[in-house]
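Counting from 1, position 21 in the sequence shown corresponds to residue 102 in this note's numbering; the numbering is continuous, with no gaps. Glycine included, C-beta positions come from ideal geometry on N, C-alpha and C. Everything numeric in this text was worked out from a predicted model, so none of it was measured.
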Amino acid sequence: MIFEFAKYTEVTELAFKVNPEYQANSYERIFLCCDTKVFWIARILKGYGEDYEELEGSYIVERDKKDKWAKTEKLNRPKAEKLLINDELENWDYEVYDCLEDAIESLDDGFGINNLSEVAR
């Protein structure tokens, strides 16, 4: 698993293994990103709209940030597991999209996504 500064990495498979709450709460995809002062957790939730009402074909991208203890702290597999295990499924912000491809593209931001699984059409 590759982690790069300011670039998201898909960790869905690992997330489902270490924290069953993701699947229990209908999350489709999970991503992590290392930023200057924080780690970002991004979750994609299928079937909900702007006010978390059930809405077929809609996707919410939730983002939450976890402070680093030092700017030099890196994201690696053990750190990723710890972040995922301790994720309380809260969010700092969220956006709604009409398709999974657009939701994922919002995280890409032109830099690509490491370990990205193919999107089923």
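Is the distance from the Cβ of residue i to the Cβ of residue j below 8 Å?
i	j	result
residue 195	residue 117	no
residue 164	residue 112	no
residue 100	residue 166	yes
residue 93	residue 187	no
Can you tell me where the beta strand (DSSP E) holding residue i begins and where it ends?
i	result
residue 112	108–115
residue 237	This structure leaves residue 237 out entirely; the chain is present only between 82 and 202.
Since residue i is in the alpha helix (DSSP H), which residue starts that stretch and which ends it?
i	result
residue 96	93–99
Looking only at DSSP bridge pairs, what is residue i linked to?
i	result
residue 129	135
residue 85	88
residue 123	112, 144
Do the segment 147–155 and the segment 103–112 make contact, defined as three or more Cβ pairs closer than 8 Å? Result no; under three Cβ-Cβ pairs closer than 8 Å.
Report yes or no: do three or more beta-carbon pairs, one from the segment 174–187 and one from the segment 139–147, lie closer than 8 Å? Pairwise C-beta distances place the segment 174–187 in contact with the segment 139–147, as three or more of them are shorter than 8 Å.
Which parts of the segment 141–198 are runs of the beta strand (DSSP E), unbroken and 3 residues or longer, counting only runs that do not cross its ends? Correct list: 174–178.
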